[in-house]
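Protein chains: 2
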Amino acid sequence: MAEKQDPIRFGIMGCAEIARKISRAILLSPNAALVAVASRSIDKASQFAARNKLPENVKLYGSYGEVLDDPSVDAVYVPLPTALHLQWALAAAQKGKHLLLEKPTALDVKVLEEMLESCRRNGLQFMDGSMWYHHPRTAKMKELLSDSHVFGRLKAIHSSSSYHPPPHFLENDVRVKPELDALGALGDAGWYCIGAILWSMNQKLPTTVTALPDTAKNSAGVILTCSASMLWDDEETVATFFCSFLAHETMSLAVSASNGTLNVDDFIIPYEETAAGFSYTSGAKFTDLHIGWTVKPQHVRVETKLPQEALMIQEFSGLVRGVKYLGARPDTRWAETSRCTQLVMDAVKNSIDDGYKAIKM
Amino acid sequence: MAEKQDPIRFGIMGCAEIARKISRAILLSPNAALVAVASRSIDKASQFAARNKLPENVKLYGSYGEVLDDPSVDAVYVPLPTALHLQWALAAAQKGKHLLLEKPTALDVKVLEEMLESCRRNGLQFMDGSMWYHHPRTAKMKELLSDSHVFGRLKAIHSSSSYHPPPHFLENDVRVKPELDALGALGDAGWYCIGAILWSMNQKLPTTVTALPDTAKNSAGVILTCSASMLWDDEETVATFFCSFLAHETMSLAVSASNGTLNVDDFIIPYEETAAGFSYTSGAKFTDLHIGWTVKPQHVRVETKLPQEALMIQEFSGLVRGVKYLGARPDTRWAETSRCTQLVMDAVKNSIDDGYKAIKM
């Protein structure tokens, strides 16, 4: 019998590249254990286990259903292509498995809401796989942004998320297959931009979302590049983002507020694993004659013993533990964060499909 | 009689705050001399001279016309409110004075073209007062951006220029008076964003300019905040900018290209006078497991003996010297740079006035 102090036991459904990072994160996390890995064939699962030097006691399954039937699995991590999320999330919820779901969570918010409702009905914890929220740097940035003396009202936010894979990726990878990940760069890279902007705004939804007319698609019509603007009417705040599979690695967030500015250039994957930085400037004016600044950017470095993905697993496992052993209800904050991101992503997609019209939220 | 080796002799028309910086720059520049300062009253001119400890041989005039009548003046610097540029630029050209004109150059491109035509007809050098083009950092950034191995094709550009003056400024300053500087933050701060974006694109005009619906105006209808997007159809490049009198000091340019990324956060006024930096990343990928980057940003620091405004005066004076003594024709590159910036600024303004419609260029 599992006991209170036992770690939360994970099954991984799918051996995508990202599952390598998460399997390591589960092993690193003090309150989690990796008990099973499932793939579409037992060979693939074995190869995954060998390549990643997984402990021998990790069970290997040749189908996703088996991991859901395993009573020793508390929670599943699902890195499957987005189009398969609904089927397997519903199956997992039916089997009482808590759900850590890779992003983008769904192809549209209706599908996400169906999954969330299924988790809710079955009393299960939900979280999407956005790791950066869990880095202590993120908490430090939020602490500063929330300090009205340091930043004040947010006026403009810009985020960029891009990487430039080789040409064969742009036609053949899962992330650009219309039947698997029809949102392409918007779903994969844009998810982070939208998330970072909403994070800056404390998940307040914009009043209007308008895609910019720079969308590029591959031959199957999947988005390779797009940009959008978001407006909060009552706050008088504007945000823009750029996401792309056609530009060099970027993952930046710049926030301009009435009294301060924040810049981070590696918010999704920090340059290094054990520490991450950002810079901010507050209350700067120009010196006499405007030949310099009275205040220069401060560089903040935040160390972390565990990498952000392990902190994500730890946070998720802590919540699952609360539900499983302590009678707590699932924490809906993470589901709501995913839902807000998905809502804005839908609006961007709708704007693109509708000739770049402004979409009222 | 002035001789070849003599410095170019400047008259300053108007004692705006920015004229303090330029008077110092003229004094610092090895090939320029400050010979006269004119204001609307002799008292104001005297106060300006005293406050800025100008040499005693600088002539003081109580009207702008007098400096134009002074045969010892080769060139004038005009920091007057934008609405007065046409009148005084034409008067200066008629009197054969080379023209260094403060930005924004005009309220619309027709007015600018009238001034440029007048300079052309009279064989006079024109330059606008954007100082940052003349910093050696700018040349270094351009050198890297032009290296296709380092950057490749430009995909996305974002620029922000803002500062946050006290409330009385927002209703009373020259820069927010509809009869003097009707373009407000777009003219004052947005000029730099547009300039930086066009500089990145080697002055290639965008195919479409669309303002974002975040414009804020003061009670007289002058822009306090606005944003816009620009698209180069054939290049598949997008740019966005934010300019404001309502947000903390920013002056950033971020360029994402196919193989590299460039970031500069103080491009208009460097944090310090004798050196300025930027950072860039080229050819970065993620390490195995995506837990870090293979290449981190390189920080480049470029020193300068003369501040950028003195380098601007030096460059301008060198061109004037060529015209005056060496039979050279005025260099039209600077006029063309101003014209491109003004054209895009007009398009942003038209888009705002036309309900944020896309303006074809």
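Top to bottom, those sequences are chains S and H.
Each residue of the first sequence is one higher than the last, beginning at 1 in UniProt numbering.
Each residue of the second sequence is one higher than the last, beginning at 1 in UniProt numbering.
Ideal Cβ placement from N, Cα and C applies to all residues, glycine included.
Within chain S, partners of residue i - CB distance below 9 Å
i: H:Phe-213; result: It should be pointed out that residue 213 of chain H corresponds to Pro in this sequence rather than to Phe. Simply Thr-208, Thr-210, Ser-229, Leu-231, Asp-233, Val-238 and Ala-358.
Within-8 Å CB hit, residue i to chain H
i: S:Glu-273; result: yes
i: S:Arg-24; result: yes
Strand pairing of residue i, partner residues [DSSP]
i: H:His-98; result: H:Ala-75
i: H:Phe-267; result: Looking at the DSSP assignment, H:Phe-267 forms no beta bridge with any residue, so it has no partner.
i: H:Ile-8; result: H:Ala-32
i: S:His-158; result: S:Thr-240 and S:Ala-254
i: H:Gly-190; result: Paired residue(s): none; H:Gly-190 is not in a bridge.
i: S:Thr-225; result: S:Ala-216 and S:Ser-244
i: H:Tyr-61; result: H:Ala-38
i: S:Lys-360; result: S:Thr-208
i: S:Gln-298; result: S:Tyr-280
i: S:Leu-262; result: S:Val-255 and S:Tyr-280
i: H:Met-230; result: H:Val-209 and H:Ala-239
i: S:Met-13; result: S:Ala-38
i: H:Phe-126; result: H:Leu-99
i: S:Trp-293; result: S:Phe-286
i: S:Ala-275; result: S:Glu-303
Chain S residues whose Cβ lies nearer than 8 Å to that of residue i
i: H:Lys-21; result: Leu-289, His-290 and Ile-291
i: H:Leu-160; result: This sequence places Ser at residue 160 of chain H; Leu is not what is there. Chain S residues near H:Ser-160: Ala-156, His-158, Ala-254 and Ser-256.
i: H:Asp-353; result: Here the premise fails: no neighbours, minimum Cβ distance about 17 Å.
Under 8 Å from the C-beta of residue i: neighbouring residues of chain H
i: S:Asn-218; result: Simply none; closest approach about 13 Å.
i: S:His-164; result: Ser-258 and Asn-259
i: S:Ala-284; result: His-248 and Glu-249
Below-8 Å beta-carbon distance, residue i vs any chain S residue
i: H:Asp-173; result: no
i: H:Arg-120; result: no
i: H:Asn-31; result: no
i: H:Asp-70; result: no
Chain-ordered neighbours of residue i on chain H, where CB pairs are closer than 9 Å
i: S:Pro-307; result: Ile-291
Within chain S, partners of residue i - CB distance below 7 Å
i: H:Lys-296; result: Tyr-271
Where residue i meets chain H, residues with beta-carbon distance less than 7 Å
i: S:Asn-263; result: Asp-265
(message) Give the list of continuous beta strand (DSSP E) stretches no shorter than 3 residues that lie fully inside the region 304 to 348 of chain H.
(response) Taking only runs of at least 3 residues, no beta strand (DSSP E) segment lies wholly in the region 304 to 348 of chain H.
(message) Output needed in chain order: residues of the region 127 to 157 of chain H with a Cβ under 7 Å from some Cβ in chain S.
(response) Here the close residues are Lys-155 and Ala-156.
(message) Along the region 239 to 258 of chain S, where does the CB come closer than 8 Å to a CB of chain H? Name the residues.
(response) Contacts with chain H (Cβ-Cβ distance below 8 Å) from the region 239 to 258 of chain S involve Thr-240, Phe-242, Ser-244, Leu-246, Ala-247, His-248, Glu-249, Thr-250, Ser-252, Ala-254, Ser-256, Ala-257 and Ser-258, listed in chain order.
(request) Note down, in chain order, all residues in the region 179 to 208 of chain S with a beta-carbon under 8 Å from any beta-carbon belonging to chain H. (result) So the list reads Thr-208, given in the order they occur along the chain.
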